[in-house]
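Worksheet for the structure shown next.
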Amino acid sequence: MHDNRTGSITGLAFSYDYSHIFSTGTDGNLFAYRWYSEGDPFQAVAAKPLEKSVKRVFDIDERSFPSLEEQKARQERDRLERIVAGRKDAVLATVTGHRTQFEALLERNRALPESYRIPVTDFVLDERITDDLRRQLEAEMALVHRRMAFDVEKVRIMADKLNRFFLAPLESFPIEVLAVSTGQSVKSFRIEKLDDDYFQTVKQVEQMVEEEENRRRHPETSTDARKDRRKDSQLQRKESFLEGLSQSTIDFKLESKMRRLLSKYRERKNQETIRQQEWEEHKASKPDPNVNDPADDLAIREAASSIGDYNLKSDPEYEPTEERVETATGKYHELLRVRREMFALRNEYNGKVFALREQKVALRQYVEKQKSKLREIHVEIPADRRKQLPREVVIDVGLEYAEDQYKFEEDRKKIDTAIQGPTRKQGIKGTPEYYDAILQEALGLDRPDEAKGSGTGQTNKHEQELRELRLVRKLFKQDKIIDKVARRIVEFDKELEKLSHERLVVETDAKLLENFQLTLYQELWILKDFSAIETDILSGVEHVTIERNGLLQAVQDARVVIERVEQEIELIQKEQRSNLQRFNSTCLDNEFAKVMKRIYKKKFKPCKINDNDSDSSSEYSSEDIDGLDAAANDGEVSKVFLDLNHCPAGCDPDTYNLAIQLRNEKLELQRRHYAEDRTLRELHKTLEHLKPQLAEAEIRLGRKKHELLELRREKQRRLNDIDTLVIVKMDQMQYFRIETEFHDVEHSLLFNREALLKLYARVEQLAAETLETKRRHRVNVVHLARMKTDIKYMRQQLVALREQIGQTMVKKFGRVIDLDELEETILRQYTFEMRANLDDVKKNYDERTRELKKLYSKKREELKKVIQEGTEKLHVLTVLQEEYNNLEKALAHQKELQEKRAHPPPTYSDDLSKLREIAKIQKEQVNTLQREIRTLSMKCKPLSAESPDVEITIPPPVCGKPPPIPDESVYNAVMDSAPPSTRASTPDNFLYNEIASLIDDFLVEQLGSRVLQSDIKRVVNHLAHYLSNIIHNFAPEHASDLLPHIIENFKSFIPEELLITIPPQAIAELIESIFRTFKEGYDIDTKEILGEIVGNSLEMIFPASQNYSHNILVDIMKQVLATLHIADVNHPDTIGFIANGIRHKPGIDPDGVDVPMVSEELLLYAQENTVDDISLELIKGVLEGILQCVREPPEP
1 MHDNRTGSIT GLAFSYDYSH IFSTGTDGNL FAYRWYSEGD PFQAVAAKPL
51 EKSVKRVFDI DERSFPSLEE QKARQERDRL ERIVAGRKDA VLATVTGHRT
101 QFEALLERNR ALPESYRIPV TDFVLDERIT DDLRRQLEAE MALVHRRMAF
151 DVEKVRIMAD KLNRFFLAPL ESFPIEVLAV STGQSVKSFR IEKLDDDYFQ
201 TVKQVEQMVE EEENRRRHPE TSTDARKDRR KDSQLQRKES FLEGLSQSTI
251 DFKLESKMRR LLSKYRERKN QETIRQQEWE EHKASKPDPN VNDPADDLAI
301 REAASSIGDY NLKSDPEYEP TEERVETATG KYHELLRVRR EMFALRNEYN
351 GKVFALREQK VALRQYVEKQ KSKLREIHVE IPADRRKQLP REVVIDVGLE
401 YAEDQYKFEE DRKKIDTAIQ GPTRKQGIKG TPEYYDAILQ EALGLDRPDE
451 AKGSGTGQTN KHEQELRELR LVRKLFKQDK IIDKVARRIV EFDKELEKLS
501 HERLVVETDA KLLENFQLTL YQELWILKDF SAIETDILSG VEHVTIERNG
551 LLQAVQDARV VIERVEQEIE LIQKEQRSNL QRFNSTCLDN EFAKVMKRIY
601 KKKFKPCKIN DNDSDSSSEY SSEDIDGLDA AANDGEVSKV FLDLNHCPAG
651 CDPDTYNLAI QLRNEKLELQ RRHYAEDRTL RELHKTLEHL KPQLAEAEIR
701 LGRKKHELLE LRREKQRRLN DIDTLVIVKM DQMQYFRIET EFHDVEHSLL
751 FNREALLKLY ARVEQLAAET LETKRRHRVN VVHLARMKTD IKYMRQQLVA
801 LREQIGQTMV KKFGRVIDLD ELEETILRQY TFEMRANLDD VKKNYDERTR
851 ELKKLYSKKR EELKKVIQEG TEKLHVLTVL QEEYNNLEKA LAHQKELQEK
901 RAHPPPTYSD DLSKLREIAK IQKEQVNTLQ REIRTLSMKC KPLSAESPDV
951 EITIPPPVCG KPPPIPDESV YNAVMDSAPP STRASTPDNF LYNEIASLID
1001 DFLVEQLGSR VLQSDIKRVV NHLAHYLSNI IHNFAPEHAS DLLPHIIENF
1051 KSFIPEELLI TIPPQAIAEL IESIFRTFKE GYDIDTKEIL GEIVGNSLEM
1101 IFPASQNYSH NILVDIMKQV LATLHIADVN HPDTIGFIAN GIRHKPGIDP
1151 DGVDVPMVSE ELLLYAQENT VDDISLELIK GVLEGILQCV REPPEP
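Residue numbers (full-length UniProt numbering): 1 to 1196.
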């Protein structure tokens, strides 16, 4: 019952009495089935015999004949139409009866005398009756709509379901466009859409194909690949005779001549190294006669690819390359591509058909427009000379707009059956239409034919000529319009005929693609069968290949390291020979040559790792030990000579030290040579161990590849069994004919024209390349002969130059010498002399350094005194400048007083006295409130306060005037005395963070979707500072009194365009909740605060630090100034408490504290971080009091 494709069953359920079973599916249908339980088995029903009178019923072959369901629906529709028609006839009969009675009444009324007649207006229905009838009709229509709403919605749902299942998957509904005059037609194709699942599948398959291609491209490791050597010549290696000397010593101690000699020596060495490397690279680039040139290999591969591998796939020895191996993923990708090509081919043709349909609609509109023009022309043309259009453009909505049949009436496209001709207008004055209308009216051409014939006929000759000319022009326009319409119709029919021929080509190509698609499906199923096995074998091949490549890389790395170690050993041997030459040239030309040989003869012996500690190695050789034993039997002198740890008597200490140094260098070179030789042996062992593994991996890889090849051949044999459709034209069949018979096409090899042309062109190209290769070979042979001649000549020149250089050296030096050894000997001797003088130079520099340090400390003291004197002078200058400014102000004030005395103002003594009284009262209130605010801001009781409560007495008002308003005065005084929000006297981080968190949550909730987070954060910082200072500095009773003003200040931080979105009640609730949550106590003792301040400062500052007394006082005073009131800071108890706290601490030096400097630092801090008016004298007094108390002994 459910659909086979999209109707998978999702659920089954029984009815309450188990008499029915219900099923639901993904196609949106619900079906009920009668259930027969086990208790009621099926009863076989005997077939009834057919009656003799029953006639035989034949099958209906007509496609358009309605089905049984359609016939039932038609009968039901006819029955409903009959009922509706009967009701309609009854209503019409009733209306006809009432109309007859009404007309009879009108006749009787007209028959009465005029004085007895009823006015016609009395027969008109009352508006109230009309309105009532209209309301009844609307109510009945609404009732009908409500009754039919379920059925209508049900029909819409059914139509939507059918549309989703049958019409929505279609790209375009098939239509048929009819020709106008020829009777031909052209149809579009019925094609399904390429939905999102198709494109998603294509994307996934392309990704899988790319992964397969990447997996096939394994990097092949060449066994002959060699790494580029690093040019050590670019790295300046320090010579052995310069070891132990820094670069600055070499640059500054060597003379210019020696530096030039060293530079030339290094440059020559580098040049020799570079030339050696270039020569090795040149030898490495020498072509191997057993290996082809890479360019030739590339040409061979290109030729093979361009000629084509025509090894038939049916050949038993067929070996497909990795690029030509067919996989299930690639075949599926090709299948999707063919489907897209089929869709594109048919969809492109459908687009042309739909465009032709729109062209026909435009043609119809054009024909209707021309018909309206003909009707205007026919007004002025006689009937016998009128012509009509040859054809009517008719649009068959059922065929050409077939998709509208499956839409509701309101969703269908409206096709106007006729276009009304434009109403004739006289036109604007001055236009041709205006004058043409006047002329037509004057000639009487705008009247009908009867009016024209009934005219008086009195027309003059001029009017008659005008009529004839106008008639000729109208007839020409008529013929022109008919000709244009006929030509447009013929063009449309030709276009339709051309499109119908194109449909045959498109349909043929589409059928061929469908056939090819079937072939691809068969190949895909075969490839799927082999896919899993081939994947497993490929994984094994890849695994073995990776293992083989790893072994190849290990072998290559081992060879590279062996080559590097061999080069290092050659370098060490070269340094050993150089060391021996230095020893022979410097230490064997004196009488202690034997001792020097004994010293230098000592050899390096590596340590032996044994369990027995007694078998530890020794760095003395057996020859040294034998020599020592033989010397022990000699006299006393021999014992002195054999003491190699001290310089023998009479021997040059420099020569002895040089011999020791050369021996140590030789031992180090021998140690390095032993380590490198040991490494070389281990590398050779590793290489020998890797070779069998590599051979075994090659064997396993060959087996895996052979297994993979056999599998692919079997797969290819299965693919070859698939039949393939090939279209061969009739003119091509002649190539299969032999006299009277034809070859078997199935066993023939077919080439297309392009492939054959490419093959012929490639043959000619290869012939040209062969001639070019021969020509290049002849040129290379000639070039080789010339190169051999040049090499022979250069060798002769080299021999002659060597002889000439040797003769020149013999003439100048007496023998042939090595310039490198000569320069090295000179540099070595100069370096030795420089090392001997280096200690004296160091002593001189140490003495000079001590003198400069003393001079530096002396100058520093002088600079300090000069700065102190300048600071004092600057202070004096500042004081003088202030006095000068005060005097200037006093002079200006005196001038103003003199002017006022010259013009005395009117006196207001009474008003001034009243204002003074009011100002005095307000000042007392302000002082009282400021005292209370500062007390609360310290969160403690002031030292100078005797009682916590201060009584505020306000004198009676002067002259009976009312006192100022308490709320406003309290608010102004409190707000003027409170510190700003950004300069809190005692910041509380915990309080600030908690309030900021509440405000941030509130603003994010109110403004989060309209304001950036950074802007909200900035507003939160300001509001948190403001509210934390209010809570910190004001008592709860004052804060509740000032709540309206706090809310107004809170609103001022938020822009007006955003403030209107926040309810005022929400802001008030937020502030009240903050004040209720963060109520703090105000009854903390000042001594506890001072004790915490002193204790924290002593813990934070380390006693061994510089300026310990200075730092302690600065830290304590900063906290005191930020915490206590100004009156409490200067209180004797405060000074005594601080002095007692630091008096007995080690490291406190009252005399070492610079009071002016500390005072200025604290004054700057107070100006930046507090709001109290703190002066320099106040700070100095407090500091001096503390230091004086520290100096004095404590009272018993």
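All C-beta atoms, glycine included, are put in the ideal place defined by N, C-alpha and C.
Opposite Val177 in the DSSP bridges: which residues?
Val186
Among Arg663, Leu658, Ala402, Thr10, the one whose alpha carbon lies nearest that of Arg828:
Leu658
Would you kindly work out how many angstroms separate the C-alpha atoms of Phe173 and Asn350, rounded to a whole number?
10 Å
Alpha-carbon to alpha-carbon, Ser1028 and Leu991:
7 Å
Opposite His20 in the DSSP bridges: which residues?
Arg34
According to DSSP, is Ala295 helix, strand or coil?
helix
Is Ile1031 helix, strand or coil when you go by DSSP?
helix
Span of the beta strand (DSSP E), counted from its first residue to its last, around Ser67:
Looking at the DSSP string, Ser67 is not in any beta strand (DSSP E), and its letter there is neither H nor E.
Once you ignore the five residues that flank Ala593 on each side, which residues in its own chain have a CB closer than 8 Å to its CB?
Cys587
Distance check for Gln922 and Ser969, CA to CA, integer angstroms please.
Caution applies to Ser969, whose pLDDT of 37 falls short of 50 and renders its modelled position unreliable; the model cannot decide the point.
Which word fits Asn590, buried or exposed, when buried means at least 16 other C-beta atoms lie within 10 angstroms of its C-beta?
exposed
Thr10 - containing beta strand (DSSP E), residue span
9 to 14
Per DSSP, the bridge partner or partners of Ile921
Looking at the DSSP assignment, Ile921 forms no beta bridge with any residue, so it has no partner.
Do three or more CB pairs link the segment 320 to 340 to the segment 473 to 492 at distances below 8 Å?
no
Compute the distance between the beta-carbons of Val1094 and Gly1141, then report whether it is under 8 Å.
yes
Have a look at Pro1150, Leu1162, Val1158 and flag the residue whose alpha-carbon is nearest the alpha-carbon of Gln1188.
Pro1150
Where does Leu1058 fall in DSSP's three states?
helix
Under three-state DSSP, which class holds Gly1181?
helix
Rounded to whole angstroms, what's the CA-CA distance from Tyr318 to Leu719? Just pull it up for me.
13 Å
Which class does His1147 belong to by DSSP, given the choice of helix, strand or coil?
One detail in the question is off: residue 1147 reads as Gly in this sequence, not His. In this structure, Gly1147 counts as coil in the three-state DSSP scheme.
Cα-Cα separation between Glu821 and Tyr793, rounded to whole angstroms
31 Å
Can you tell me whether Met1117 is buried or exposed? The criterion is at least 16 other CB atoms within 10 Å of its CB, across all chains shown.
buried
Grab me the residues of Met809's own chain with a C-beta within less than 8 Å of its C-beta, minus the 5 sequence neighbours each way, in chain order.
Arg815, Val816, Ile817
Burial state of Lys666 (16 or more Cβ within 10 Å):
buried
C-beta contact flag for Phe492 and Val186 at 8 Å:
no
For the candidate residues Tyr521, Ser531, Asn664, Val555, whose alpha-carbon lies nearest to that of Asn579?
Asn664
With 16 as the cutoff for other CB atoms within 10 Å, does Arg802 come out buried or exposed?
exposed
Using the rule of at least 16 other Cβ atoms within 10 Å of the residue's Cβ for burial, across every protein chain shown, is Gln71 buried or exposed?
exposed
Within 10 angstroms of the Cβ of Phe166, are there 16 or more other Cβ atoms? Answer buried if so, exposed if not.
exposed
Under the rule that 16 or more other beta-carbon atoms within 10 Å means buried, what is Val1153, buried or exposed?
buried
Excluding the 5 residues flanking Glu62 on each side, which residues of the same chain have their C-beta closer than 6 Å to its C-beta?
none
At the level of alpha carbons, what is the spacing between His501 and Ala344?
18 Å
I'd like the list of long-range same chain contacts for Arg672, defined as Cβ closer than 7 Å, with 5 residues on each side in sequence excluded.
Ile572
Anticipated Cβ contact below 8 Å, Met342 with Ala168, distance rounded
Met342 to Ala168, Cβ: 20 Å. No contact.
Burial state of Thr1134 (16 or more Cβ within 10 Å):
buried
Taking one C-beta from the segment 360 to 376 and one from the segment 549 to 557 each time, how about it: are there three or more such pairs within less than 8 Å?
no
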